[in-house]
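Enquirer:
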Amino acid sequence: MDAPHRTALVTGAASGIGRATAEELAARGYAVLALDIDEPGLAELVASAEGAGGTIRTRRVDVSDQDAVRRAVTEEVAGSERLDAVVNCAASFVASGLEVTTEEWELALGVNVRGISNVVQAAHPYLARTPGAAVVNTASISARIAQPSRWTYNATKGAIVSLTRCMAMDLAVDGIRVNSVSPGWIWTPEVARAAAGDRERWEPIWGRFHLLRRLGEPVEVARAIAFLCSAEASFITGTDLPVDGGYLAMGPEGLGDDSTFAGTS
Ligand code: NAD
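Going left to right, the sequence shown walks through residues 621 to 885 as the numbering used here numbers them.
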């Protein structure tokens with residue numbers, strides 16, 4: 621169990637990986653400030669955290685709105701003595717390719733890239749006065765590979781890996797570590813929607829994109845994020861941690877157990 625009275629800010633906390641992270645950090649003794657645009661989702665998070673004995677406050681904010689983020693962070697964090705961790709999970713999943721519109725680019729860049737910048741910029745004064753403070757951004761395996769018709773999503777995820785390195789350089793002088801995680805396919809509401817809710821059908825298919833032959837759970841990413849926030853990761857900064865069940869380790873031969881793999885090279 622980590623030390624009590626630590627505080628964390630988590631964006632995208634109403635759902636999926638962000639929600640699991642808010643719950644995981646609350647269970648480890650952090651007082652969590654949960655931000656999202658989804659108010660009913662935030663209310664569900666609070667109800668479940670109350671059952672588990674965690675401390676979670678919420679606020680509706682659109683991370684792409686720089687002024688709103690600054691106001692929210694100032695009003696919600698200024699009263700506390702410290703801000704130990706900022707975790708950026710909020711994302712737009714807009715995935716568009718050759719036909720991409722200006723609006724789609726603005727949404728993807730606004731939430732996924734500028735959103736992280738807005739939050740870290742607003743949180744910086746509080747992180748800087750907290751010894752051992754850390755930021756974790758959520759990138760993706762999609763940062764490293766080509767996927768069809770996904771210019772917006774994949775480019776913004778690549779940008780997050782790059783942004784993380786630059787933030788790590790600039791914030792190191794204040795003792796703040798900055799890293800990212802790159803999840804593989806995690807069973808969150810977004811992935812469940814793509815599967816029309818039919819996990820039994822799609823897990824065996826999508827699971828084979830991973831060495832571990834299954835999809836990940838949100839809590840498995842949340843635990844990696846909690847590690848990067850903790851003193852256990854005190855000499856880790858400016859890097860990306862795949863939490864992907866071996867997705868990025870696999871080559872084009874796949875798992876090697878079908879008839880197209882000669883296995884001789
Ligand atoms: P999710 O849809 O369950 O959660 C995303 C949350 O972000 C939602 O609660 C949504 O309301 C919030 N959000 C969207 N726009 C916002 C805005 N403008 N301001 C504030 N909040 C906003 O998604 P998830 O699958 O848990 O994804 C979390 C993170 O993990 C994302 O960064 C995503 O790109 C990344 N990721 C997910 C997977 C996966 O398989 N699920 C894989 C790789 C990376």
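Just so it is clear, CB atoms sit at the ideal spot from N, CA and C, and this is done for glycine as well.
Small disclaimer: the values here were computed from a predicted structure and weren't measured.
In terms of residues, what are the limits of the alpha helix (DSSP H) holding N732?
Expert: Unbroken run through N732: none, as it is neither H nor E.
Enquirer: Which residue marks the beginning of the beta strand (DSSP E) containing R600, and which one marks its end?
Expert: As displayed, the chain neither begins before 621 nor continues past 885, which places residue 600 out of reach and without an answer.
Enquirer: In this structure, does DSSP put I806 in helix, strand or coil?
Expert: strand
Enquirer: Quick one: what's G836 bridged to in DSSP?
Expert: I806
Enquirer: CB-CB under 6 Å to S769, same chain, minus the five flanking residues each way: which ones, in chain order?
Expert: G717
Enquirer: Output the residue ranges of the alpha helix (DSSP H) runs that lie fully inside the stretch 721 to 792 and measure 4 residues or longer, sorted by chain position.
Expert: 722 to 728, 735 to 748, 771 to 791
Enquirer: Taking buried to mean at least 16 other C-beta atoms within 10 Å of its own C-beta, is T722 buried or exposed?
Expert: exposed
Enquirer: So, is P803 buried or exposed, given that buried needs 16 or more other C-beta atoms within 10 angstroms?
Expert: buried
Enquirer: Can S684 be considered in contact with the ligand NAD, in the sense that its beta carbon sits closer than 7 Å to one or more heavy atoms?
Expert: Indeed, a heavy atom of the ligand NAD lies less than 7 Å from the Cβ.
Enquirer: Who pairs with T631 in a beta bridge, going by DSSP?
Expert: L655, N708
Enquirer: Quick one, which of L835, W807, L861, R834 has its alpha-carbon nearest A846's?
Expert: Of L835, W807, L861, R834, the residue nearest in Cα terms is L861.
Enquirer: Would you be able to state if there are at least three C-beta pairs under 8 Å between the stretch 666 to 681 and the stretch 699 to 708?
Expert: Taking a contact to require three or more Cβ pairs closer than 8 Å, the stretch 699 to 708 and the stretch 666 to 681 do not qualify as touching.
Enquirer: Identify, in the order they occur along the chain, each residue of the same chain with its Cβ nearer than 7 Å to the Cβ of R843, setting aside the five sequence neighbours on each side.
Expert: Within the same chain, R843 has close Cβ partners E644.
Enquirer: On the three-state DSSP scale, how would you describe R648?
Expert: coil
Enquirer: Counting only the same chain and skipping the five closest in sequence on each side, list residues whose C-beta sits under 6 Å from that of G638.
Expert: V630, G632, C709
Enquirer: Residue range of the alpha helix (DSSP H) that P824 falls in?
Expert: 819 to 826
Enquirer: If you draw a straight line from the C-alpha of A715 to the C-alpha of S737, how long is it?
Expert: 21 Å
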